[in-house]
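K.L.:
The listed protein sequences derive, respectively, from chains A and B. Its first residue numbered 19, the first sequence is counted upward by one per residue in my numbering. Its first residue numbered 19, the second sequence is counted upward by one per residue in my numbering. One structure, pasted below without further comment.
2 protein chains.
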Amino acid sequence: MLSKNKIKHFNSLSLNKFRQQHQEFILEGTKSVEELLKSDFTIKEIIATAEWVQQHPLVLKAIPTEVVTDREMQQISQMKTPPGVLALVAIPTVSWKLNQGFTLILDGINDPGNLGTIIRTADWFGIENIVCSHDTVDVYHPKVVQATMGSIFRVNVFYENLESVLIAARQNDVAIYGAVMNGENIFSSDLKFSSALLVIGSESHGIREPLLPLITHPITYPKFGTKAVINSAESLNAAIATALILGIFIPSTQG
Amino acid sequence: MLSKNKIKHFNSLSLNKFRQQHQEFILEGTKSVEELLKSDFTIKEIIATAEWVQQHPLVLKAIPTEVVTDREMQQISQMKTPPGVLALVAIPTVSWKLNQGFTLILDGINDPGNLGTIIRTADWFGIENIVCSHDTVDVYHPKVVQATMGSIFRVNVFYENLESVLIAARQNDVAIYGAVMNGENIFSSDLKFSSALLVIGSESHGIREPLLPLITHPITYPKFGTKAVINSAESLNAAIATALILGIFIPSTQG
Chain A
19 MLSKNKIKHF
29 NSLSLNKFRQ
39 QHQEFILEGT
49 KSVEELLKSD
59 FTIKEIIATA
69 EWVQQHPLVL
79 KAIPTEVVTD
89 REMQQISQMK
99 TPPGVLALVA
109 IPTVSWKLNQ
119 GFTLILDGIN
129 DPGNLGTIIR
139 TADWFGIENI
149 VCSHDTVDVY
159 HPKVVQATMG
169 SIFRVNVFYE
179 NLESVLIAAR
189 QNDVAIYGAV
199 MNGENIFSSD
209 LKFSSALLVI
219 GSESHGIREP
229 LLPLITHPIT
239 YPKFGTKAVI
249 NSAESLNAAI
259 ATALILGIFI
269 PSTQG
Chain B
19 MLSKNKIKHF
29 NSLSLNKFRQ
39 QHQEFILEGT
49 KSVEELLKSD
59 FTIKEIIATA
69 EWVQQHPLVL
79 KAIPTEVVTD
89 REMQQISQMK
99 TPPGVLALVA
109 IPTVSWKLNQ
119 GFTLILDGIN
129 DPGNLGTIIR
139 TADWFGIENI
149 VCSHDTVDVY
159 HPKVVQATMG
169 SIFRVNVFYE
179 NLESVLIAAR
189 QNDVAIYGAV
199 MNGENIFSSD
209 LKFSSALLVI
219 GSESHGIREP
229 LLPLITHPIT
239 YPKFGTKAVI
249 NSAESLNAAI
259 ATALILGIFI
269 PSTQG
């Protein structure tokens, strides 16, 4: 049976403040837990309903699991329809260091679904590091965790002062690509994957003013269509824009 | 002042059943209403708060607007934080006809945000027609309307029996592309834009069994990355997959 204190503790982790304080986050769902078990993240606890354990006898065979009633699960779950399994996971301590690879930089992405989807897409393209502005939504927000579909275990996500990150990159001759409204057409741009950053801004504000002069390669994903371009979509969802740019960038630089 | 009946009517439109019965849907937000005013959709009514009208004096100058209190807006809005302006719009009567252009086919997309994002992305690529399976979420669902960011006025969305659509396409020598797990690598596929359909299935089920034999060109968007491919994302979000495929398809066929 779950103690009142434990229920309270689990519920507190829906807030970033308490996730930071305890350095823990919650993860729910069969697929996510399966990915967790394959990762090197530290699992503090797994809680599942009797029904879930019965349906997934093999998943947790090596991990001690607290079995609870549906009603108890409802009390600690962060989802409307609890998937029946939930894990308490330690937030890993990682620190960002400018490297010679490719890094995605996110400036002010505040929709949890968008951030999660971007992480999942980055994983598909083999991107290992994402650096976010401090006001980007927390990567351990329940809806972000959910939307990554397990990619959260394979992509490092850091929160840094982006101006400092970009200044350091320039000092080290790292190319800084930035998705802007009137940049060079990405289809005719010179793209390189090693020693490169790609900055994506929010849908509503774009890349913020102080970062713009630091960008060495402003690029734009063009609109297509046979109808007058003026009479079509004015912008793309931030996750879609990221995917489309990576879809040109990565294949063209990885052969 | 809003009558009780009107409040009840507006609230009923959050359900597909009543949207179908009245052939009306609700749209909220400044950007969406601006796009609506530029469209040829029939506006039945616009309701706004006094504060919104004061902040946007020019937007509605030619349209009679009912001005309400914040509290009244709260009663009819379908959003947690009502943006202050709401329109009652007639559902247009359109009927699908196989044509010589490019049509996107959606099989069982049930997440409203995904459908809305797909419509917005299709609009960016100049795609005018989308045909959905009957179990795809309703295009006038408030969250779909919201996520399209106005693209709902420029892309026709139809609901049809997809098996019949694909059979008719084959009889007319229309190429049927389908996003599948083990198809031809899209980067080496022969893509054509005229007289073509592109079928996208749901994340969890893919394209359904009865449709698969009707696909003439099964294609796959490959994974990238330097790490072992086995140890990366297993799938993409449905809207991202659609965008990535269109991002190869459209530019390569429109030159």
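Glycine included, each C-beta is placed from N, C-alpha and C at the ideal position.
1) Output the boundary residues of the beta strand (DSSP E) element that contains LEU122 of chain A.
2) So GLY131 of chain A packs on GLY219 of chain A, CB below 8 angstroms; how close in whole Å?
3) So that I know if they touch, is there some Cβ in chain A lying closer than 9 angstroms to that of SER253 of chain B?
4) So, does the stretch 32-46 of chain A touch the stretch 100-110 of chain A, judging by three or more C-beta pairs under 8 angstroms?
5) For PRO160 of chain A, collect the residues of the same chain with a Cβ closer than 7 angstroms to its Cβ; drop the 5 residues on either side in sequence, then sort them by chain order.
6) What does DSSP give as the partner residues of ILE268 of chain B in its beta bridges?
7) According to DSSP, ALA12 of chain A sits in a beta bridge with which residue or residues?
8) Taking the alpha carbon of HIS40 of chain A as the point to measure from, which residue in A:ARG89, A:VAL77 and A:PRO110 has its own alpha carbon closest?
9) So which of B:ALA186, B:ASP141 and B:THR135 has the shortest CA-CA distance to VAL162 of chain B?
10) Please classify VAL112 of chain B as buried or exposed, where buried requires at least 16 other C-beta atoms within 10 Å of its C-beta.
11) Suppose the cutoff is 8 angstroms on Cβ atoms and the five residues either side in sequence are ignored; what does the same chain contact list for ILE81 of chain B look like?
12) If we define contact as Cβ-Cβ less than 9 angstroms, is SER169 of chain B a contact residue for chain D?
13) Could you run through the stretch 138-169 of chain B and flag, in chain order, every residue whose CB is less than 8 angstroms away from some CB of chain A?
14) Nearest chain B C-beta to GLY47 of chain A closer than 9 angstroms, yes or no?
15) Using 10 angstroms around the beta-carbon of HIS152 of chain B, count the other beta-carbons present and answer buried if the total reaches 16, otherwise exposed.
16) Could you tell me whether the stretch 163-172 of chain B touches the stretch 250-257 of chain A, using the rule of 3 or more Cβ pairs below 8 angstroms?
17) According to DSSP, GLY195 of chain A sits in a beta bridge with which residue or residues?
18) How about ALA197 of chain B: is its C-beta nearer than 9 angstroms to some C-beta of chain A?
19) Would you kindly report the start and end of the unbroken beta strand (DSSP E) that includes GLU46 of chain B?
20) Would ASN213 of chain A and ASP191 of chain A qualify as a contact pair, given that the criterion is a beta-carbon distance under 9 angstroms?
21) Report the rounded CA-to-CA distance for ILE204 of chain B versus TYR239 of chain B, giving the unit in angstroms.
22) If you run the structure through DSSP and keep just helix, strand and coil, what is GLU227 of chain B?
23) Name the chain B residues that come within less than 9 angstroms of ILE194 of chain A, Cβ to Cβ?
24) May I have the straight-line CA-CA distance separating THR154 of chain A from GLU221 of chain A, to the nearest angstrom?
25) Could you spell out the range, first to last residue, of the alpha helix (DSSP H) harbouring ALA68 of chain B?
26) Shorter than 9 angstroms from the beta carbon of ILE258 of chain A to some beta carbon of chain B?
27) Using CA atoms only, rank isn't needed, just tell me which of B:PHE242, B:PRO100, B:ALA187 and B:SER57 is closest to GLY119 of chain B.
28) Can you give me the Cβ contacts of GLU90 of chain B inside the same chain, cut-off strictly under 6 angstroms, excluding the 5 residues immediately before and after it?
29) From PRO100 of chain A to GLN72 of chain A, what does the alpha carbon distance come to, in whole angstroms?
30) Excluding the 5 residues preceding and the 5 following SER57 of chain A in the sequence, name in chain order all residues of the same chain whose CB lies nearer than 6 angstroms to its CB.
31) Compare the Cα-Cα distances from TYR158 of chain A to each of A:PRO231, A:SER182, A:LEU262 and A:VAL173 and report the closest residue.
32) Can you give me the C-alpha to C-alpha distance between ALA246 of chain A and PHE28 of chain A, rounded to a whole angstrom?
33) Please list the terminal residues of the continuous alpha helix (DSSP H) segment that includes PHE28 of chain B.
34) How would you list, in chain order, the residues of chain A whose beta-carbon sits under 7 angstroms from the beta-carbon of ALA186 of chain B?
35) Closer than 8 angstroms by C-beta to GLU69 of chain B: which residues in its own chain qualify, once you throw out the five before and the five after it? Chain order, please.
36) Look up ASN174 of chain B in the DSSP assignment and give the residues it is bridged to.
P.N.:
In this structure, then:
1) Unbroken beta strand (DSSP E) run through LEU122 of chain A: 120-125.
2) Not quite, the Cβ-Cβ distance comes to about 17 angstroms (not below 8 angstroms), so this is no contact.
3) Interface residue (Cβ-Cβ distance to chain A less than 9 angstroms): SER253 of chain B is classified as such.
4) Per the Cβ contact rule, the stretch 32-46 of chain A is in contact with the stretch 100-110 of chain A (3 or more Cβ pairs under 8 angstroms).
5) Contacts found: SER32, ILE44 and GLN96.
6) Bridge partners of ILE268 of chain B: none, in fact.
7) Absent from the model: residue 12 of chain A. The displayed extent of chain A is 19 to 273, so no value can be given.
8) The shortest C-alpha separation from HIS40 of chain A is found at A:PRO110.
9) Check the Cα spacing between VAL162 of chain B and each of B:ALA186, B:ASP141 and B:THR135: the tightest is with B:THR135.
10) It counts as exposed.
11) Scanning its chain for C-beta atoms nearer than 8 angstroms, with the 5 sequence neighbours on each side dropped, one finds around ILE81 of chain B the residues LEU55, ILE61 and ILE64, in chain order.
12) Protein chains in the displayed structure are A and B, and chain D is not among them.
13) Cβ contacts with chain A: ARG138, THR139, ASP141, TRP142, PHE143, GLY144, ILE145, GLU146, ALA165, MET167, GLY168 and SER169.
14) False, the Cβ-Cβ gap to chain B never drops below 9 angstroms.
15) That one is exposed.
16) Verdict: yes, contact present.
17) A quick correction: the sequence has Tyr, not Gly, at residue 195 of chain A. For TYR195 of chain A, which the question treats as bridged, DSSP gives the partners A:LEU216 and A:HIS235.
18) So no, ALA197 of chain B is outside the interface.
19) Note, GLU46 of chain B: beta strand (DSSP E), 42-46.
20) The sequence shown places Ser at residue 213 of chain A, rather than the Asn named in the question. In this structure, SER213 of chain A lies near ASP191 of chain A, with their beta-carbon atoms less than 9 angstroms apart.
21) So the alpha carbons of these two residues sit roughly 6 angstroms apart.
22) Note: GLU227 of chain B maps to helix in three-state DSSP.
23) Chain B residues near ILE194 of chain A: none, gap ~21 angstroms exceeds 9 angstroms.
24) Straight across, the Cα-Cα distance linking THR154 of chain A with GLU221 of chain A is about 12 angstroms.
25) Per DSSP, ALA68 of chain B belongs to the alpha helix (DSSP H) from 68-73.
26) Closer than 9 angstroms: yes.
27) A check of alpha carbon separations from GLY119 of chain B across B:PHE242, B:PRO100, B:ALA187 and B:SER57 identifies B:ALA187 as the nearest.
28) Excluding positions up to five away in sequence, the list reads LEU20.
29) Taking the straight line joining both Cα atoms gives about 16 angstroms.
30) Taken in chain order, the residues that qualify are PHE171.
31) Comparing Cα-Cα distances from TYR158 of chain A to each of A:PRO231, A:SER182, A:LEU262 and A:VAL173, the minimum goes to A:VAL173.
32) Because the pLDDT of ALA246 of chain A is 45, which lies under 50, any placement of that residue in the model is unreliable, and the question is left without a value.
33) Counting along the chain, the alpha helix (DSSP H) containing PHE28 of chain B begins and ends at 22-30.
34) By Cβ distance, chain A contributes nothing, its closest Cβ being about 23 angstroms from ALA186 of chain B, past 7 angstroms.
35) So the qualifying residues of the chain are ASP88 and GLY102.
36) Residue pairing by DSSP places ASN174 of chain B opposite B:ASN147 in a beta bridge.
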